[in-house]
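Student:
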Amino acid sequence: MSQPLRGGLTALAGILLVAFSAREAVSAVSPLLRPISEDIPLDAVTTGTLGMLPTAGFAVMGFVALPLLRRIQLEHLLLASILLTTLGQVGRALAGNVPAFLAFTGIAMLGIGVANVLTPPLLMKYFPDHMWIVAGLHVTLLGASTAVAAQGAIPLSNLYDWRFSIGIWAVFSAVAAVPWLVILAGKQDGARSESPPVRPHPATSAVKPWGSSIGWGAALIFAGFSSNTFAALTWLPAVLVDRGMSQETAGSMLAVYSILALPVALVVPLVVVKMPRPLPVAILFVIAFAVGYGGIIFAPPATALLWVVIAGLGQGVYSYAFTMINKRTRTQDGSGVLSGFAQGAGYALASGGPFLFGLLHDPGDGWLPSFGMLGAWLLVLLAGALMVNKPRLLEDERGQESPAQRHP
Numbered sequence: 206m207s208q209p210l211r212g213g214l215t216a217l218a219g220i221l222l223v224a225f226s227a228r229e230a231v232s233a234v235s236p237l238l239r240p241i242s243e244d245i246p247l248d249a250v251t252t253g254t255l256g257m258l259p260t261a262g263f264a265v266m267g268f269v270a271l272p273l274l275r276r277i278q279l280e281h282l283l284l285a286s287i288l289l290t291t292l293g294q295v296g297r298a299l300a301g302n303v304p305a306f307l308a309f310t311g312i313a314m315l316g317i318g319v320a321n322v323l324t325p326p327l328l329m330k331y332f333p334d335h336m337w338i339v340a341g342l343h344v345t346l347l348g349a350s351t352a353v354a355a356q357g358a359i360p361l362s363n364l365y366d367w368r369f370s371i372g373i374w375a376v377f378s379a380v381a382a383v384p385w386l387v388i389l390a391g392k393q394d395g396a397r398s399e400s401p402p403v404r405p406h407p408a409t410s411a412v413k414p415w416g417s418s419i420g421w422g423a424a425l426i427f428a429g430f431s432s433n434t435f436a437a438l439t440w441l442p443a444v445l446v447d448r449g450m451s452q453e454t455a456g457s458m459l460a461v462y463s464i465l466a467l468p469v470a471l472v473v474p475l476v477v478v479k480m481p482r483p484l485p486v487a488i489l490f491v492i493a494f495a496v497g498y499g500g501i502i503f504a505p506p507a508t509a510l511l512w513v514v515i516a517g518l519g520q521g522v523y524s525y526a527f528t529m530i531n532k533r534t535r536t537q538d539g540s541g542v543l544s545g546f547a548q549g550a551g552y553a554l555a556s557g558g559p560f561l562f563g564l565l566h567d568p569g570d571g572w573l574p575s576f577g578m579l580g581a582w583l584l585v586l587l588a589g590a591l592m593v594n595k596p597r598l599l600e601d602e603r604g605q606e607s608p609a610q611r612h613p
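Here it is in structure tokens:
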């Protein structure tokens, strides 16, 4: 196996399986809010809280992952995240009341949050010369998993019940652990299982992303796109049903919205890595979000598919955000530090987005205040993209790292 592919097929399978299992816990619920509410009363506040849990969980683990990365191997942390995600999904499917449902949802989101933070340094560790291609595949499968769970939610619920529909995805989370168990057991490469825990190099440790425009710019990008994406994953079916669409068709629309991340996910890393100043890419995605929202609010309901497609293309900014983490860092340690801070701060800032989206809506207002709030977050996203646009590296802002720590 060549050096660029030193992680081998097992690591590639592990990264892609984690990606495919990462978003199903998020998108499997919103199409089923009505049948779930028949067993567990979910009002607007509860639903808003449910929509806030992904960003809140991701934020918590963004900050918690930083000290953990100094002491624990990436692979061990990833296995812990998979365990949390699986446990949360199973517990949520068995929950008999609102507090338990929310608590287990939160556990699942904490697990996904850890995996989110670990992805950039894992790509840099296993695929240093191919990470842009693997990053594109990773984001593509994130979109695929979101779409599959959204599309399958109502049919699976009709075939069995809503508990089966949201619980079955835990199987995919459990399967995602297998390649990493193989790696750590040494079946692929015994030497790798003995590698020391990832510890920041002293020079890299001196870099404080919270004191850097790169760190805050990346955080604002995550805040801007996550507010929009997770509000849509939570509320888009409700918006479309309010406009006269059936529940099942609205669920399909959420699947369409989710899967539209796929066409751009593979292309964005390859384009962004070649652009010293990739701000135009972020601007295009912001325009897609804004145009799509305008159509969903003001255009005839019969044209909803067109506007959902346009808004869905805006999700390419997720691939842009992850690509910028490794584009603006040189080392695996720097990538982990920036990933943790950007996602911790970004998701913390955005955690109220899905919650406020529901609270801002009153019958008869056409959801205009809610989408206006998302428009404000798009401006935040643009501000962040501008802050990371200048060609420079996080490690260079404070100190010098040793040659051994340099990314090829």
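Numbering-wise (the numbering used here), the sequence shown opens with residue 206 and increments by one. Beta carbons: idealized from backbone N, C-alpha and C, even for Gly.
Taking 8 Å as the cut-off, does the stretch 249 to 268 touch the stretch 553 to 561 (at least 3 CB pairs, one atom from each stretch)?
Tutor: The stretch 553 to 561 is in contact with the stretch 249 to 268.
Student: With 16 other CB atoms within 10 Å as the buried threshold, where does residue 528 fall?
Tutor: Walking along the sequence shown from the start, residue 528 turns up at place 323. The residue in question, residue 528, is buried, as its Cβ has 16 or more Cβ neighbours within 10 Å.
Student: Using 8 Å as the threshold, is the stretch 226 to 243 in touch with the stretch 412 to 432, meaning 3 or more CB pairs across them?
Tutor: Segments in contact, no.
Student: Suppose only complete runs of 4+ residues qualify. What are the alpha helix (DSSP H) ranges in the stretch 491 to 535, listed by chain order?
Tutor: Complete alpha helix (DSSP H) runs here, min 4: 509 to 518 and 521 to 532.
Student: Could you tell me the distance, in whole angstroms, from the CA atom of residue 539 to the CA atom of residue 298?
Tutor: One-based indexing of the sequence shown puts residue 539 at position 334. One-based indexing of the sequence shown puts residue 298 at position 93. Roughly 38 Å between the two C-alpha positions.
Student: Should residue 451 go down as buried or exposed, given a rule of 16 or more other Cβ atoms within 10 Å for buried?
Tutor: Translated into positions along the sequence shown, residue 451 becomes position 246. Exposed, by the Cβ-count rule.
Student: Would residue 322 and residue 545 qualify as a contact pair, given that the criterion is a beta-carbon distance under 9 Å?
Tutor: The residue you call residue 322 lines up with position 117 of the sequence shown. The residue you call residue 545 lines up with position 340 of the sequence shown. Yes. Within cutoff.
Student: Could you give the distance in angstroms between the alpha-carbon of residue 425 and the alpha-carbon of residue 551?
Tutor: Here the question's residue 425 lines up with position 220 in the sequence shown. Here the question's residue 551 lines up with position 346 in the sequence shown. Roughly 6 Å between the two C-alpha positions.
Student: Three or more C-beta pairs closer than 8 Å, one from the stretch 338 to 353 and one from the stretch 449 to 464: is that the case here?
Tutor: They touch, by the three-pair rule.
Student: Alpha helix (DSSP H) containing residue 321: first to last residue?
Tutor: Residue numbering aside, residue 321 sits at position 116 when the sequence shown is read from its first letter. Run containing residue 321: 303 to 331, per the alpha helix (DSSP H) assignment.
Student: When burial is assigned at 16 or more other CB atoms within 10 Å of the CB, is residue 516 buried or exposed?
Tutor: The sequence position of residue 516 within the sequence shown is 311, counting from 1. The residue in question, residue 516, is buried, as its Cβ has 16 or more Cβ neighbours within 10 Å.
Student: Okay, do the stretch 260 to 267 and the stretch 480 to 500 touch, 3+ Cβ pairs below 8 Å being the bar?
Tutor: Cβ pair count under 8 Å is below three, so no.
Student: Would you report the Cα separation of residue 313 and residue 449, rounded to the nearest angstrom?
Tutor: For the purposes of this step, residue 313 is taken as residue 108 along the sequence shown, with counting starting at 1. For the purposes of this step, residue 449 is taken as residue 244 along the sequence shown, with counting starting at 1. Answer to the nearest angstrom: the Cα atoms are 32 Å apart.
Student: With contact counted as at least three CB pairs below 8 Å, one residue from each stretch, are the stretch 563 to 574 and the stretch 281 to 294 in contact?
Tutor: Judged by Cβ distances under 8 Å, the stretch 563 to 574 makes no contact with the stretch 281 to 294, as fewer than three pairs qualify.
Student: Tell me whether residue 575 sits in a helix, a strand or coil according to DSSP, three-state version.
Tutor: Locating residue 575 in the sequence shown gives position 370, where the first residue counts as 1. Three-state result, residue 575: helix.
Student: Grab me the residues of residue 377's own chain with a C-beta within less than 7 Å of its C-beta, minus the 5 sequence neighbours each way, in chain order.
Tutor: Looking up residue 377 in the sequence shown gives position 172. Cβ neighbours of residue 377 beyond the five flanking positions: 225, 226 and 229.
Student: Measure how close the beta-carbons of residue 565 and residue 575 come, nearest whole angstrom, since I'm counting them as under 8 Å.
Tutor: Along the sequence shown, read from residue 1 onward, the residue named residue 565 stands at position 360. Along the sequence shown, read from residue 1 onward, the residue named residue 575 stands at position 370. Yes, they are in contact, since the Cβ atoms of residue 565 and residue 575 sit about 5 Å apart, within 8 Å.
Student: Can you name the start and end residues of the alpha helix (DSSP H) that residue 449 belongs to?
Tutor: Looking up residue 449 in the sequence shown gives position 244. That residue, residue 449, is in no alpha helix (DSSP H); it is neither H nor E in DSSP.
Student: Answer yes if the stretch 591 to 600 comes into contact with the stretch 271 to 287, meaning at least three C-beta pairs across the two stretches below 8 Å, and no otherwise.
Tutor: The answer is no - the stretch 591 to 600 does not touch the stretch 271 to 287, with fewer than three Cβ pairs under 8 Å.
Student: Hey, out of 304, 213 and 273, whose CA is closest to residue 251's CA?
Tutor: Translated into the one-based positions of the sequence shown, residue 251 becomes position 46. It is 304 whose Cα lies nearest to the Cα of residue 251.
Student: Using a Cβ-Cβ cut-off of 8 Å (strictly less than) and excluding sequence neighbours within five positions of residue 238, which residues of its own chain qualify?
Tutor: The residue labelled residue 238 in the question sits at position 33 within the sequence shown. Closer than 8 Å at Cβ, skipping near neighbours: 247, 252, 442 and 443.
Student: Would residue 479 be called buried (16 or more neighbouring beta carbons within 10 Å of its own) or exposed?
Tutor: Translated into positions along the sequence shown, residue 479 becomes position 274. Its Cβ having fewer than 16 others within 10 Å, residue 479 is exposed.
Student: Going straight from the alpha carbon of residue 261 to that of residue 316, what length do you get?
Tutor: To locate residue 261, count along the sequence shown from 1; it is residue 56. To locate residue 316, count along the sequence shown from 1; it is residue 111. Each residue's Cα considered, the two are about 12 Å apart.
Student: Would you tell me roughly how many angstroms separate the C-alpha atoms of residue 278 and residue 445, rounded to the nearest one?
Tutor: The residue you call residue 278 lines up with position 73 of the sequence shown. The residue you call residue 445 lines up with position 240 of the sequence shown. The alpha-carbon atoms of residue 278 and residue 445 are separated by roughly 44 Å.
Student: For residue 346, which residues from the same chain have a beta carbon less than 7 Å from its beta carbon, with the 5 sequence-adjacent residues on both sides left out?
Tutor: Numbered from 1 along the sequence shown, position 141 holds the residue referred to as residue 346. Taken in chain order, the residues that qualify are 221, 224 and 225.
Student: Would you call the stretch 469 to 478 in contact with the stretch 504 to 514, where contact means no fewer than 3 C-beta pairs closer than 8 Å?
Tutor: Too few Cβ pairs lie closer than 8 Å, so no.
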